[in-house]
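What follows is a short report on a single structure.
Residue numbers (the working numbering): 939 to 1214.
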């Protein structure tokens, strides 16, 4: 089993915000966010906005570092809304908010951190991260590939990123961009097969994430390789289904919609509880 060994970075403890009012709004529960809050945030988008969001997210990672799910539930010194709200306020492509680097740092954290800060909503898609990953990932596959090949980081983080790689390979319109993500899936699968006996960058569960991505993308050319994975018991079928199910996906791909990249919709539309 792949073990979480990530040592983290030096996260800021004391921060000075360009717009102090941002912290109070980002600290609110998702369901309590008001339209006034939304418009207040949108009026603050300037050069200091991105710095504020990144600093608040990184400080929160530092405050929560090393704590279990039960400890996070009971800790009054942290806030479990800041990370998800900051990601959702950053999803407009023209808004410079939480950076690609900070987003991936969030996803490097422990399963407990991700479960508490980016909870499931109608399926294992973590919408709080998916929309922003889409914005950054559309034309920049290398950071996602590097992430999937990084040792010691969380299962949940790799699940989210693998899911996005499958979506990008399924949904992008330009053949060159689609092929870039198909190749990420092929390369990561090869690396996982090679690594499998040691489990530094994958295990059965993580292998299932990339197999699922291949099925989402309809990668027919990977049929022989993925059959090898199944035949050698290297995949968790409870996650990605049996061989026949995966074969169906490889031949036809999945029906998927593009993630929403409109903060207002994420917070206030009727679909706010069905992101996936």
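Virtual Cβ for every residue (Gly too), placed ideally from N, Cα, C.
Pull up the CB-CB distance for residue 1108 and residue 1192, whole angstroms please, since I reckon it's below 8 Å. 6 Å
For residue 1199, the three-state DSSP class (helix, strand or coil): coil
What ranges does the beta strand (DSSP E) occupy inside the stretch 1118-1180, keeping only unbroken runs of at least 3 residues that lie completely in it? none
Quick check: the Cα distance between residue 1033 and residue 1007, rounded to an integer number of angstroms? 32 Å
Looking at the structure shown, is residue 1002 part of a helix, part of a strand, or coil, going by DSSP? helix
Unbroken alpha helix (DSSP H) runs of length 4 or more, entirely within the stretch 971-1031: which are they? 973-981, 985-1002, 1007-1012 and 1020-1026
Between the stretch 1068-1077 and the stretch 1024-1040, do three or more beta carbon pairs fall short of 8 Å? yes
Would you give the residue range spanned by the alpha helix (DSSP H) that residue 1102 belongs to? 1093-1109
Measuring alpha carbon to alpha carbon, tell me which of 1025, 997 and 1022 ends up nearest residue 1015. 997
Where does residue 964 land, buried or exposed, given buried means 16+ other C-beta within 10 angstroms? buried
Starting from the C-beta of residue 1082, find all residues in its chain whose C-beta is less than 6 Å away, skip the five residues before and the five after it, and write them out in chain order. 1075, 1099 and 1103
Along the chain, where does the alpha helix (DSSP H) that runs through residue 1051 open and close? 1049-1055
Would you kindly work out how many angstroms separate the C-alpha atoms of residue 1002 and residue 1189, rounded to a whole number? 43 Å
Rounded to the nearest angstrom, what separates residue 1205 and residue 968 at their Cα positions? 7 Å
What residue range is occupied by the uninterrupted alpha helix (DSSP H) comprising residue 1081? 1080-1086
Residue 1026 vs residue 1069 beta-carbon contact at 9 Å: yes
Is residue 984 closer than 9 Å to residue 956 when the C-beta atoms are compared? yes
Within this structure, are the beta carbons of residue 1095 and residue 1052 separated by less than 9 Å? yes
Alpha-carbon to alpha-carbon, residue 1042 and residue 1028: 14 Å
Option in 1202, 1200 and 1127 with minimal Cα separation from residue 1165: 1127
Is the beta carbon of residue 960 sitting closer than 9 Å to the one on residue 990? yes
Once you ignore the five residues that flank residue 1158 on each side, which residues in its own chain have a CB closer than 8 Å to its CB? 1188 and 1189
Buried/exposed call for residue 1154, threshold 16 Cβ in 10 Å: buried
Note down the Cα distance separating residue 946 from residue 977, rounded to an integer number of angstroms. 34 Å
Is the CB-CB distance between residue 1182 and residue 1146 below 9 Å? no
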